[in-house]
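Notes follow the structure.
Residue numbers (this note's numbering): 44 to 212.
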């Protein structure tokens with residue numbers, strides 16, 4: 044009986060955390076890579092600034108995802124922040140669509156690292172992975188920004204909040 048109670052408390056805490064995170068609005072990004080490990084991309088909201096000296100981002104990637112090994116081997120990536128017009132693309136990169144089919148949509152340009160950059164992203168950060176640590180189910184990647192491409196100023200941002208997409212200016 045005690046073991047069931049502890050398990051239920053852990054599950055309740057996990058579910059409460061997930062519900063809390065659903066209330067934390069986040070920009071929607073497509074994170075891409077290419078190199079010896081292959082071409083890959085995934086949708087991510089777990090991206091944030093670490094510091095501007097030197098410019099560094101943090102990107103979280105599930106270790107059990109089909110692309111984790113590719114990112115680990117390539118050690119480069121590009122964070123492409125999506126506009127409201129990219130909602131369908133976000134869903135494509137967030138599902139089980141084969142990698143080559145994901146990149147058949149959109150206008151992709153190679154960044155300095157060789158990672159694909161979405162030509163009409165709100166902003167793209169071309170990065171080298173400097174450090175990676177494991178935390179729970181994820182890799183936490185510390186990424187040195189080596190190139191930035193700013194998109195147009197008129198686009199609405201694509202944001203994920205309460206398990207739904209929203210558009211904001």
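In this text, a Cβ means the ideal position worked out from N, Cα and C, and glycines have one as well.
Values in this document were obtained by computation on a predicted structure and should not be read as measured data.
Below 8 Å between beta carbons: does that hold for residue 211 and residue 202? Yes, the Cβ-Cβ distance between residue 211 and residue 202 is below 8 Å.
Kindly list the residues whose CB is nearer than 6 Å to the CB of residue 164, restricted to its own chain and excluding five residues on each side of it in sequence; keep chain order. Excluding positions up to five away in sequence, the list reads 123, 124, 194.
Using the Cβ count rule (16 or more neighbours within 10 Å means buried), how would you classify residue 93? Exposed, since its Cβ has fewer than 16 Cβ neighbours within 10 Å.
Where does the unbroken alpha helix (DSSP H) through residue 196 begin, and where does it stop? First-last for residue 196: undefined, no H or E at that position.
Endpoints, the beta strand (DSSP E) within which residue 146 is located: Taken as a continuous stretch (DSSP letters only), residue 146 belongs to no beta strand (DSSP E), as it is neither H nor E.
Quick check on DSSP: helix, strand or coil for residue 175? Reduced to three states, the DSSP call for residue 175 is strand.
For residue 147 and residue 129, I'd like the C-alpha separation in whole angstroms. So the alpha carbons of these two residues sit roughly 14 Å apart.
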